[in-house]
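Worksheet: one structure, shown below.
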Amino acid sequence: MSITPYRVLVGPEGYLPPAAASRGVLLPEKGEALIEGAIVPEEEAMQAIATKLLSAKNPFFFPGPQLLWDWKEGVAQKAQAVKRLADLAGARVIPMPDYRPKYPMINPAVEINPNHPNLTIWHNKIDLCVFIGVHCHYANMALKIIRGGTSCYTVALCGEAGHEDAMISLCCMGMPELAKLTEIIRTMKGEQAA
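The numbering of the sequence shown is our numbering, which starts it at 1 and goes up by one.
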């Protein structure tokens, strides 16, 4: 009897979806990425991200504090590159400026909180979201909640090791990788227009 590898798919998966790492999903190395739990070449994942972004009805970028606050050299340039990428893809942006729980209620039209990402996704009818600049432990928690309770497709553009709980995850995401992804989207968008 063979065991089928666990796939990180669009939910809702249930009240307590398993952490993908506990089901054997491994993080990619530099030059690799994850698509639905399987390690693939980075280029293949970028093509998949471009396809998903351009075919989504209501895509959103969720930039986190590592991208929103100009805390070290190069962050402002990276934030501008992400804004250009979102604009090119026709995606809207809802920031995640901090991680404090906002009780009794957040305003899901203008903000997202990693403790309740489903509220923002439901309110805005988001079918694809891109996490970037969110600290890994908060991103993993939010991605798992999204997978458990929504039908939103998740993409993580991580500057570190990647996120196994996203449907597509790129690791080591710097300016060269952002430029490459932007160019892939520009090319694909041009082909669709022709």
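Cβ coordinates follow ideal geometry from the N, Cα and C atoms, glycine included.
Taking all protein chains shown into account, do 16 or more other C-beta atoms lie within 10 angstroms of the C-beta of Ser-151, making it buried, or fewer, making it exposed?
As a position in the sequence shown, residue 151 is number 151, starting the count at 1. Looking at its Cβ environment, which holds fewer than 16 other Cβ atoms inside 10 Å, Ser-151 is exposed.
Contact check, Tyr-138 vs Pro-114 under 8 Å by CB: the rounded distance?
Taking the first residue of the sequence shown as 1, we reach residue 138 at position 138. Taking the first residue of the sequence shown as 1, we reach residue 114 at position 114. Yes, Tyr-138 and Pro-114 are in contact; Cβ-Cβ is about 4 Å, under 8 Å.
Roughly how many angstroms lie between the CA atoms of Val-155 and Val-40, to the nearest whole one?
Locating residue 155 in the sequence shown gives position 155, where the first residue counts as 1. Locating residue 40 in the sequence shown gives position 40, where the first residue counts as 1. Cα-Cα distance, rounded: 14 Å.
For Gly-31, tell me which candidate among Glu-42, Pro-5 and Lys-72 has the shortest Cα-Cα distance.
For the purposes of this step, residue 31 is taken as the residue at position 31 of the sequence shown. For Gly-31, the nearest C-alpha among the options comes from Glu-42.
Quick one: what's got a C-beta closer than 6 Å to Val-93's C-beta in the same chain, skipping five residues either side?
Here residue 93 is taken as the residue at index 93 of the sequence shown, counted from 1. Excluding sequence neighbours, Val-93 sits near Phe-61 and Ala-86.
Are the beta-carbon atoms of Pro-28 and Arg-147 separated by less than 7 Å?
On the sequence shown, position 28 is the one that residue 28 refers to. On the sequence shown, position 147 is the one that residue 147 refers to. No, Cβ-Cβ distance for Pro-28 and Arg-147 is not below 7 Å.
Helix, strand or coil: how does DSSP classify Arg-7 here?
On the sequence shown, position 7 is the one that residue 7 refers to. Here Arg-7 sits in coil by DSSP.
Expected contact under 8 Å - CB spacing of Asn-124 and Pro-101 to nearest Å
The residue labelled residue 124 in the question sits at position 124 within the sequence shown. The residue labelled residue 101 in the question sits at position 101 within the sequence shown. Your pair Asn-124 and Pro-101 does not check out as a contact, with CB atoms roughly 20 Å apart and the cut at 8 Å.
Assigned secondary structure, Ala-156 (DSSP; H/G/I helix, E/B strand, else coil):
Taking the first residue of the sequence shown as position 1, residue 156 is located at position 156. Assigned with DSSP and collapsed to three states, Ala-156 falls in strand.
The beta strand (DSSP E) that contains Ile-39, what's its start and end?
Within the sequence shown, the letter at position 39 stands for residue 39. Counting along the chain, the beta strand (DSSP E) containing Ile-39 begins and ends at 38 to 41.
If we count the other Cβ atoms within 10 Å of its Cβ and call it buried at 16 or more, is Lys-180 buried or exposed?
Mapped onto the sequence shown, residue 180 falls at position 180. Burial call: exposed.
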